[in-house]
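Residue 126 in my numbering is what sits at position 126 of the sequence shown, and the numbering runs on without skipping anything.
Ideal Cβ placement from N, Cα and C applies to all residues, glycine included.
Take a look at the structure below.
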Amino acid sequence: MLFGDAVGSSGEGESGLDNDLVWLGDLLAVVGAVFYALYTIEIKKLVDPLKQKYGKEFSVSLFFGFVGILNLACMWPFLFILNAIGFEKFTVPTSTTFGYLTLNALLGTVLSDVLWAAAVVRTTPVVATVVLSSEIPLSILANELFSPRTFSWEFYVGCFLVVTSLVVVNIKSRQLCSRGSN
């Protein structure tokens, strides 16, 4: 990831972005990746003992429900603070926009998070994360098929690397699982 970050930000002035803030974006990307890794590992460490204790009675959906309630309780005040200082203005969405937001939240967030958490619990955090990264080549393929947009060869090399890593991680994971069952 750091190599990709360095390559992506090495194009001095090509994007027209404020180059004084590129380092901040890179730093936030690395910090976000660290928190994502910690979150994934902690889910595996927390859910495995609960699943062993409660068996089939344990629900990943219920677990995410509690995570959502905790986030709502802890993060809600920040909405008012950010609105009050003018950093992030909050406006009430129209009913149409609210419907789209609800649909996106249910299909794009809740469903994908539950499926991702189930993958983390049933496999390993590494396998689940690499499989999650396979959405990059799939989205590029969808753009190629359904829109006139074309991509440079670098995108295709990146897609090849993502797909290759997916295959390698799955092969290694199966080898480790077969050794563990013997």
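Under a CB-based cut-off of 8 Å, is valine 163 close to chain D?
In summary, chain D is missing from the structure at hand, where a single protein chain is found.
In whole angstroms, give me the CA-to-CA distance for asparagine 19 and valine 130.
Roughly 30 Å separates the two Cα atoms.
Grouping DSSP H, G and I as helix and E and B as strand, with all else coil, what is threonine 97?
Here threonine 97 sits in helix by DSSP.
Aspartate 49: first and last residue of the uninterrupted alpha helix (DSSP H) it sits in
As written in the sequence, residue 49 is proline, which differs from the aspartate given in the question. In the DSSP assignment, proline 49 falls within the unbroken alpha helix (DSSP H) covering 22-54.
Glutamate 88 (DSSP reduced to helix, strand or coil):
Glutamate 88 falls in the coil class under three-state DSSP.
Count the other CB atoms within 10 Å of the CB of threonine 40; is the residue buried (16 or more) or exposed (fewer)?
Threonine 40 counts as buried, since at least 16 other C-beta atoms from the protein chains shown sit within 10 angstroms of its C-beta.
Does phenylalanine 155 come out as helix, strand or coil in the three-state DSSP assignment?
The three-state reading of DSSP puts phenylalanine 155 in helix, counting H, G and I together.
How far does the alpha helix (DSSP H) with alanine 204 in it reach, from first residue to last?
This structure cannot settle anything about residue 204, because the visible part of the chain is limited to 1 through 182.
Work out the CA separation of serine 178 and leucine 101 for me, nearest whole Å.
Here the C-alpha atom of leucine 101 lies approximately 43 Å from the C-alpha atom of serine 178.
Whole-angstrom distance between glutamate 88 and arginine 149, CA atom to CA atom
Rounded to the nearest angstrom, the gap between the Cα atoms of arginine 149 and glutamate 88 is 32 Å.
Should methionine 1 be labelled buried (16 or more other beta-carbon atoms within 10 Å of its own) or exposed?
Model confidence at methionine 1 stands at a pLDDT of 43, short of 50, so the residue's coordinates are unreliable and nothing is read from them.
Please check the pair alanine 117 and valine 169, which I expect to be a contact at CB under 8 Å, by giving their CB distance rounded to whole angstroms.
Contact doesn't hold; Cβ gap of about 18 Å is too wide.
When you compare only the Cα positions, how much space is there between glutamine 175 and alanine 105?
Separation of glutamine 175 and alanine 105 (C-alpha to C-alpha, rounded to the nearest whole angstrom) is 37 Å.
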